[in-house]
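Novice: I have a structure I would like to understand better, so I am pasting it below and will then ask my questions one at a time.
2 protein chains.
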Amino acid sequence: MPHQGGLSRRAGWAGGEPIANLLMAKTLAHPELVSLAAGFVDHRSLPVEPTRQALDAIWSNPEEARAGLQYGTTIGYPPLREAVLERMLQADGRSRRDLSVSVDQVVITAGSNQLLYLVSDVLLDPGDVVICGAPSYFVYLGTVGNLGVRAVGVETDQHGLIPEAIDGELARLEAAGELGRVKAIYVTTYYDNPTGVTLTADRRAALVEIAQRWSRQSKIYVIEDVAYRELRYYEDDTPSLRAFDPDGETVVQAGTFSKSFSPGIRVGWGILPPGLVEPVLAQKGNLDFGSPNLNQHLMAKVLQMGLFDPHVERLRAGYREKIDAILGAADELLSPIEGIQWVRPAGGLYVWLRLPEAIDSGLSGPLFDRAVAEGVLYVPGGYCYPKLGRSPRKNMIRLSFGIQSCQGIRRGIEALARAIRQVH
Amino acid sequence: MPHQGGLSRRAGWAGGEPIANLLMAKTLAHPELVSLAAGFVDHRSLPVEPTRQALDAIWSNPEEARAGLQYGTTIGYPPLREAVLERMLQADGRSRRDLSVSVDQVVITAGSNQLLYLVSDVLLDPGDVVICGAPSYFVYLGTVGNLGVRAVGVETDQHGLIPEAIDGELARLEAAGELGRVKAIYVTTYYDNPTGVTLTADRRAALVEIAQRWSRQSKIYVIEDVAYRELRYYEDDTPSLRAFDPDGETVVQAGTFSKSFSPGIRVGWGILPPGLVEPVLAQKGNLDFGSPNLNQHLMAKVLQMGLFDPHVERLRAGYREKIDAILGAADELLSPIEGIQWVRPAGGLYVWLRLPEAIDSGLSGPLFDRAVAEGVLYVPGGYCYPKLGRSPRKNMIRLSFGIQSCQGIRRGIEALARAIRQVH
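Each protein sequence line maps, in turn, to chains A and B. For the first sequence, my numbering gives the first residue as 1, with consecutive numbering after it. For the second sequence, my numbering gives the first residue as 1, with consecutive numbering after it.
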């Protein structure tokens with residue numbers, strides 16, 4: 001492959017301008033737009049007061065403040081790693097013994113995204129295959145694309161990834177002599193970005209079983225992204241996919257406090273199979289030798305002082321109003337339009353909308369510019385599809401309700417309904 | 001290349017256990033050891049009070065606190081990028097126009113190390129060549145090793161990298177048909193890790209000229225690491241290497257507040273040639289889409305409130321005592337031993353000691369275990385040499401004086417002198 005402009009092959013794989021920049025440019029050009037595009041969290045709900053309390057507590061003991069200002073270790077601050085593991089086990093109703101897990105398998109990263117990057121980097125060579133939903137979280141598709149890895153999408157429905165579709169895809173890859181290149185299955189198990197759906201418990205068990213059953217030529221890991229687990233508004237919690245992997249050799253769990261507390265603090269983590277800990281730490285050592293220690297001390301203090309759960313409760317109350325606003329507006333304004341469908345998410349930040357088949361939602365299609373003219377910005381669904389496997393639907397859009405007020409959400413849906421009627 | 005244990009080739013390239021872990025294990029096993037190994041900064045000098053003042057100022061305005069707790073942009077917080085650029089220009093005595101530079105070329109990263117990683121990742125393919133000093137900063141050697149890149153070391157002296165040695169190496173590579181694989185020259189321009197030396201002004205100019213003159217088959221960048229620039233105790237500042245590149249197309253400058261303020265806050269930056277900005281941001285977007293926003297707001301506030309420079313002055317006063325302690329102890333206790341030499345650094349955190357030729361300073365040599373038995377830990381110099389090019393000297397050690405008290409430093413040098421006499 002030729003070098004482009006003196007850059008590395010990986011720089012070339014990183015691809016063109018990300019959708020985020022394109023949408024940012026639109027927003028700057030049309031400041032009056034209601035953005036239902038950005039996946040940012042609600043601005044007014046950010047934890048100003050809990051963070052102040054935790055910082056005050058740290059600074060009340062200069063030695064503790066000093067510890068936070070010094071280097072930490074690459075794997076991360078032990079009390080935070082203990083707290084992360086304990087929360088996961090409590091939520092899953094399992095013990096360390098049940099899940100063959102210890103704090104030595106918990107690594108702190110700059111958001112869950114860095115963990116996804118590190119794990120992908122140590123597992124995947126150019127040309128390797130990751131199985132994921134069609135659609136999937138587009139930032140992760142960018143990450144694997146950047147590694148020269150093939151993301152192969154399989155069918156999903158209102159219960160998430162379809163096990164039979166994965167089995168079918170693996171059989172096809174085996175027949176093509178490619179099974180040995182399959183290294184991972186990636187899935188967001190709670191309130192998926194972009195679909196909003198939660199993988200059902202029986203499918204969680206099936207996914208672990210499938211990964212293990214097909215690990216005949218290469219080990220196939222399941223990378224479980226739990227970024228939205230805490231953002232549930234209308235149902236009980238479900239044990240994580242990791243809880244269905246009692247040996248702990250198959251599932252990588254990636255989590256973050258970015259959505260549930262603060263993206264500006266940017267503390268995430270991974271709970272890793274034992275064999276991946278050293279390789280991930282070696283790469284993280286090259287990259288930044290440990291995430292900012294101050295942020296880790298801060299999150300540990302927030303958890304230890306009991307400031308986290310009350311904040312999440314407030315967050316849920318706020319987002320519950322917003323999800324009611326967007327689903328209410330959709331029921332009223334979109335459902336009368338023939339051919340529009342959506343699954344009602346019970347949590348998260350996204351509604352995944354299916355338009356009439358004939359409508360192309362892409363940047364160069366008729367709807368996008370009409371929507372901007374009417375005053376609303378959305379993410380064209382096409383950005384959320386892997387390049388290979390199940391072909392993209394052109395008539396999907398992702399709506400985010402995190403940052404807008406309820407009034408803003410309603411105005412946005414009104415504008416969207418007008419735009420759709422104009423191109424329908 | 002075969003896959004090892006189902007991991008990627010890059011995971012294999014990341015190499016064995018890093019020296020940091022080996023030294024950590026020794027420290028844990030012998031808690032009474034005086035460590036002159038760790039490159040940590042002085043613990044008591046960490047900016048507890050300035051950080052508290054800046055946090056209080058941010059929290060005095062809830063909207064400002066909220067902004068810090070929200071996502072930022074991938075490139076980083078504009079006021080911080082402005083401040084970084086302004087400081088560089090003031091220190092260099094140049095204007096934006098003089099150096100063809102704008103704030104659009106300033107990217108905020110998780111320490112300078114992440115910038116070094118990102119730039120290397122977008123420039124270097126497996127098999128490509130980076131020219132660097134023999135010795136060089138060993139974490140960067142790990143980073144390029146992890147990319148499958150060949151680090152080729154050239155001779156250095158008390159004035160830093162020797163331009164004629166670089167010319168000679170480039171001529172050799174050209175004769176071997178490898179000139180097209182050379183993509184960068186890496187250099188720490190102030191108080192180098194491990195040698196402690198500062199590159200002289202005429203060599204800075206020469207380095208830019210060499211990189212440009214040899215950019216015949218591939219563009220050759222100079223990656224300038226200024227991590228220790230502020231830590232000068234006994235001389236005036238020198239314009240950076242970037243100041244010798246008025247077009248701004250050749251030099252990448254990587255800097256950090258980790259050494260000069262706090263590694264726990266971990267804010268670094270890059271000042272990039274225009275053509276590297278987009279590729280670096282695309283990679284950073286995949287990795288973490290922006291360094292923690294809170295830390296960026298905090299450092300911007302520290303600078304804006306005028307808290308940074310007084311802190312650096314205090315830091316210099318403290319380190320000046322320590323460098324006097326280590327050089328004084330070395331004069332007294334080491335110089336009587338025949339065959340020991342060192343360059344007196346005017347700043348930084350390191351003294352690079354040359355032992356008598358016959359003494360192997362490595363982990364498996366006779367000195368290391370004797371030194372541990374006598375009560376001192378050092379970094380064997382062998383870890384600081386690139387794999388290719390000028391062959392490593394086995395009789396070098398790196399001493400760090402950052403974390404020990406003056407008494408600890410003296411005890412450490414006493415122990416080292418005893419150990420050397422025993423194996424000499």
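Beta carbons: idealized from backbone N, C-alpha and C, even for Gly. Bear in mind that the values here come from a model prediction, so they are computed numbers and not experimental data.
#1: Between the stretch 247 to 266 of chain A and the stretch 298 to 314 of chain A, are three or more C-beta pairs nearer than 8 Å?
#2: Shortest alpha-carbon distance to B/Arg-393 belongs to which of B/Ala-417, B/Gly-362 and B/Arg-421?
#3: Would you mind working out which of A/Asp-167, A/Gly-145, A/Leu-99 and A/Leu-147 sits nearest A/Glu-155, comparing C-alpha positions?
#4: Tell me which residues of the stretch 36 to 67 of chain B have at least one Cβ-Cβ distance to chain A shorter than 7 Å, keeping chain order.
#5: Near B/Asn-395, which residues of its chain fall below 8 Å by C-beta distance, leaving aside the five closest residues on each side in sequence?
#6: From B/Leu-377, B/Ile-323 and B/Leu-294, pick the residue whose C-alpha is nearest to that of B/Thr-51; which is it?
#7: Check each candidate in A/Arg-320, A/Leu-69 and A/Leu-281 and name the one with the smallest Cα separation from A/Leu-118.
#8: The alpha helix (DSSP H) spanning A/Ser-120 covers which residue range?
#9: Check whether the Cβ of B/Ala-407 lies closer than 9 Å to any Cβ atom in chain A.
#10: Excluding the five sequence neighbours on either side, which residues of its own chain have a C-beta within less than 7 Å of the C-beta of B/Asp-247, listed in chain order?
#11: For the stretch 122 to 136 of chain A against the stretch 174 to 194 of chain A, do three or more pairs of beta-carbon atoms, one drawn from each stretch, fall closer than 8 Å, so that the two count as touching?
#12: Quick check on A/Leu-388: does DSSP put it in helix, strand or coil?
#13: Looking only at C-alpha atoms, which of B/Leu-231, B/Gly-196, B/Val-423 and B/Trp-59 sits nearest to B/Glu-338?
#14: Between A/Leu-399, A/Gln-53 and A/Tyr-383, which lies nearest to A/Ala-371 when the distance is taken from Cα to Cα?
#15: Output yes if chain A places a C-beta closer than 9 Å to the C-beta of B/Leu-272; else output no.
#16: Which of the three DSSP states is assigned to B/Asn-193 in this structure?
#17: Extract the residue ranges of the beta strand (DSSP E) inside the stretch 3 to 57 of chain A, only unbroken runs of 3 or more that lie entirely within it.
#18: Starting from B/Lys-183, trace the beta strand (DSSP E) both ways and give me its first and last residue.
#19: Tell me, which residues are paired with B/Ala-371 by DSSP?
#20: Please say whether A/Ala-83 and A/Met-305 have beta carbons closer to each other than 9 Å?
#21: Measure the alpha-carbon distance for B/Ser-102 versus B/Leu-116 and round it to whole angstroms.
#22: By alpha-carbon positions, which one of B/Val-343, B/Gly-375 and B/Gln-404 ends up nearest to B/His-30?
#23: Please report how far the alpha carbon of B/Val-252 lies from the alpha carbon of A/Ser-95, in whole angstroms.
#24: By the DSSP assignment, the beta strand (DSSP E) with B/Tyr-140 in it spans what residues?
#25: Taking its Cβ as the centre, do 16 or more other Cβ atoms sit within 10 Å of B/Pro-2, making it buried, or is it exposed?
#26: Comparing C-alpha positions only, which one of B/Trp-214, B/Leu-207 and B/Tyr-140 sits nearest to B/Arg-172?
#27: In the DSSP assignment, the alpha helix (DSSP H) including B/Ala-254 goes from what residue to what residue?
#28: Once the 5 residues before and after A/Val-379 are set aside, which same chain residues still bring their CB inside 6 Å of it?
#29: Does any residue of chain A bring its CB to less than 9 Å from the CB of B/Lys-219?
#30: How many angstroms separate the CA atom of B/Gly-160 from the CA atom of A/Ala-110?
#31: How many whole angstroms separate the CB atoms of A/Pro-62 and B/Val-144, which I take to be in contact at a CB cut-off of 8 Å?
#32: Residues in the same chain with beta-carbon distance under 8 Å from A/His-43, minus the five sequence neighbours each way, listed in chain order, please.
#33: Step through the CB atoms of chain A and report whether any lies within less than 9 Å of the CB of B/Ser-8.
#34: Can you name the start and end residues of the beta strand (DSSP E) that A/Ile-271 belongs to?
#35: Have a look at B/Gln-4 and B/Asn-146 and give me their C-alpha separation to the nearest angstrom.
#36: Three or more beta-carbon pairs under 8 Å between the stretch 204 to 223 of chain A and the stretch 63 to 76 of chain A, yes or no?
Specialist: Reading from the atomic positions:
#1: yes
#2: B/Gly-362
#3: A/Asp-167
#4: Within the stretch 36 to 67 of chain B, the qualifying residues are Phe-40, His-43, Leu-46, Pro-47, Val-48, Thr-51, Arg-52, Leu-55, Trp-59, Pro-62, Ala-65 and Arg-66.
#5: Arg-354, Leu-355, Pro-356, Glu-357, Ala-358, Ile-359, Asp-360, Ser-361 and Gly-381
#6: When C-alpha distances from B/Thr-51 are compared across B/Leu-377, B/Ile-323 and B/Leu-294, the shortest belongs to B/Leu-294.
#7: A/Leu-281
#8: 111 to 123
#9: The sequence as given places Gln at residue 407 of chain B; Ala does not occur at that position. Not one chain A Cβ lies under 9 Å of B/Gln-407.
#10: Ser-100
#11: yes
#12: strand
#13: Nearest option by C-alpha distance: B/Val-423.
#14: A/Leu-399
#15: no
#16: coil
#17: For the stretch 3 to 57 of chain A, not one full-length beta strand (DSSP E) segment reaches 3 residues or more.
#18: Element bounds for B/Lys-183: 182 to 188.
#19: DSSP output for B/Ala-371 lists no bridge partner at all.
#20: In this structure, A/Met-305 lies away from A/Ala-83, with their beta-carbon atoms at least 9 Å apart.
#21: 20 Å
#22: B/Gly-375
#23: 50 Å
#24: Where B/Tyr-140 is concerned, there is no enclosing beta strand (DSSP E), although the alpha helix (DSSP H) it sits in stretches over 138 to 146.
#25: Confidence at B/Pro-2 is low in this model, with a pLDDT of 36, below 50, so the placement of that residue should be treated as unreliable; the coordinate-derived value is given next. Classification for B/Pro-2: exposed.
#26: Per the Cα distances, B/Trp-214.
#27: Run containing B/Ala-254: none in the alpha helix (DSSP H); it sits in the beta strand (DSSP E), 251 to 256.
#28: Ala-37 and Arg-398
#29: yes
#30: A direct Cα-Cα distance of roughly 35 Å separates B/Gly-160 from A/Ala-110.
#31: Not quite, the Cβ-Cβ distance comes to about 39 Å (not below 8 Å), so this is no contact.
#32: These residues qualify, in order along the chain: Ile-403.
#33: yes
#34: 268 to 271 is the span of the beta strand (DSSP E), which, as asked, contains A/Ile-271.
#35: Any reading at B/Gln-4 must be qualified, since the residue scores a pLDDT of 49, below 50, and its modelled position is unreliable; no value is offered.
#36: No, the stretch 204 to 223 of chain A does not touch the stretch 63 to 76 of chain A.
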